[in-house]
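Position one of the sequence shown corresponds to residue 1012 (the working numbering), numbered consecutively onward.
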Amino acid sequence: MTKLLLGASALVFATPAWAEIYEVEPGEGAQERLQEALILAEPGDEIVLGAGRFVLTDGISLDVDDVTVRGVGMDATILDFTTQAGAGEGFLITSDDVTLRDFAVENPKGDGIKSKAADNIVFYRLRVTWTEGPKPTNGAYGVYPVEGTGVLIDSVVVSGASDAGVYVGQSKDITVRNSIAQYNVAGIEIENSRNAIVENNMTLHNTGGILVFDLPDLPVMGGGDVIVRKNLVTTNNTPNFAPAGNIVAGIPKGTGVMVMANDNVLVENNLIAENDTAQVMVIAYSQTFTDARYDPYPRNVLIGENLYTGGGKDPYLPGAEMLLAAFGGSLPDVLWDGLAKEGTPALFAVEGTRGWSLNLPVQGQGVANAQPGPMVVDTPASLILDQVTGAPAELAARIAG
């Protein structure tokens, strides 16, 4: 059954009885009509958003399982939150088996599209943009699934986020692919999550391109089993515009791929270019902490074959001029802070990888305590993480064809 929501009236057309299609067009009353469709939908239903600009004055939300929300294209169907009154998310999803596709979100006051404790969710051909460019007053996250199992992010475009363009946190069974993140603080971030594949993405003109983090004091701990492969990570030299106090406010501009305090991470077959501080950075958590569950060190990070070009030419680090002079005008591709958990290797790298180490003596000390020198790590016996499979195949099947 198809329902066309036009003000208080609804036109009903015959379709199979087991599902309904709610058609919502932009124009007067769009806020109420769209939220009404999201409330009335039942499992199996589809909400189809027409072409045009939906001027929305408040956030919208969905808490019904197995619903598809579909526009007619990320440049054709636009949810415009420029006049949003509150500071919350633009679009919040708290239900399972949801598919979001083919629309855009512009200028939300808070996060763009957030899912919380939502399993088996698909974000496909979406765009989230803050149209005035990088600003600390922009929302923190563009596409933001958190605390879920089964996440597929495919062919999304995000720009302007004051924290991370694409962020997956405290989740597992994740694939982020075929997406573009630009002019964010962090382009793509995987945080406190396991079994994740980040592949075939473009991250450019962010402060940091791709981040794999583990942080203390969160409900879900112990991130790891992450593959970062076949991505273009280039010119991530935008000055950091995160609000003061955010963890990403400490990311130096010019960071390509950054792995912090994570376990079993493979970085291979990427094109990593013209990132002014470090093409790849592997570090321990740099702050003090009290969470007894937390391991602040990187463990078993594998740097495989990547194509590096440029980079390290204008590092945003203390003593940059002396470092450049010591290394002949540009820093080596891989920067390691030199810290490792006792009895567990922090880092491996394939033969021929150019790297250097800060040789920090103790976790929690700053760069002022560095004693820079060559990076000395073992060559890995294997660069295969067979246990990392990413999102369930069923999620990709939803958008096939």
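Heads up, the beta-carbon is just placed ideally off N, CA and C, and yes, glycines get one too.
Notebook entry, point to check: Thinking just about the alpha-carbon of each residue, which of P1307, R1310 and Q1290 is nearest to the one in L1318?
Noted result: When the alpha-carbon of L1318 is set against those of P1307, R1310 and Q1290, the nearest one is in Q1290.
Next item on the list: Report, in whole angstroms, the separation of the C-beta atoms of D1174 and V1196, which I expect to be a contact under 8 Å.
Entry: 6 Å
Margin query: Just to confirm, is the Cβ distance from L1350 to L1335 under 7 Å?
Written below: no
Checklist line | Residue from G1063, Q1181 and A1128 with nearest C-alpha to E1117 | finding: G1063
Notebook entry, point to check: Does the beta-carbon of Q1382 have 16 or more other beta-carbons within 10 angstroms, so that it is buried, or is it exposed?
Noted result: Per the 10 Å Cβ criterion, exposed.
Notebook entry, point to check: Cα separation between L1051 and V1133?
Noted result: 21 Å
Notebook entry, point to check: Out of P1254, G1040, K1241 and V1345, which has the shortest C-alpha to C-alpha gap to N1211?
Noted result: Cα-wise, what sits closest to N1211 is K1241.
Margin query: Suppose the cutoff is 6 Å on Cβ atoms and the five residues either side in sequence are ignored; what does the same chain contact list for V1157 look like?
Written below: K1127, G1180 and Q1181
Next item on the list: Excluding the 5 residues preceding and the 5 following T1246 in the sequence, name in chain order all residues of the same chain whose CB lies nearer than 8 Å to its CB.
Entry: Hits under 8 Å: L1215, H1216, A1284, E1285 and N1286.
Notebook entry, point to check: Is V1259 helix, strand or coil by DSSP?
Noted result: The answer is helix: DSSP assigns V1259 an H, G or I state.
Next item on the list: Could I get the ranges of all uninterrupted beta strand (DSSP E) runs contained in the segment 1031 to 1095, with 3 residues as the minimum, in chain order?
Entry: 1032 to 1035, 1057 to 1060, 1063 to 1066, 1071 to 1073, 1079 to 1081 and 1088 to 1091
Margin query: For the segment 1162 to 1177 against the segment 1375 to 1391, do three or more pairs of beta-carbon atoms, one drawn from each stretch, fall closer than 8 Å, so that the two count as touching?
Written below: no
Item checked: Sequence-distant residues of its chain with Cβ nearer than 6 Å to P1147 (five each side left out) -> Hits under 6 Å: S1173, F1252 and P1254.
Checklist line | Top-ranked residue by Cα proximity to Y1296, from N1281, L1313, Q1046 and V1373 | finding: V1373
Checklist line | For M1232 and S1204, the rounded distance between their alpha carbons | finding: 8 Å
Next item on the list: Could you have a look at M1271 and say whether DSSP puts it in helix, strand or coil?
Entry: strand
Note to self: Count Cβ pairs between the segment 1184 to 1195 and the segment 1222 to 1231 that sit closer than 8 Å; are there 3 or more?
What the structure shows: no
Margin query: Assuming E1117 is part of the alpha helix (DSSP H), what are its boundary residues?
Written below: Unbroken run through E1117 is the beta strand (DSSP E), T1110 to E1117; no alpha helix (DSSP H).
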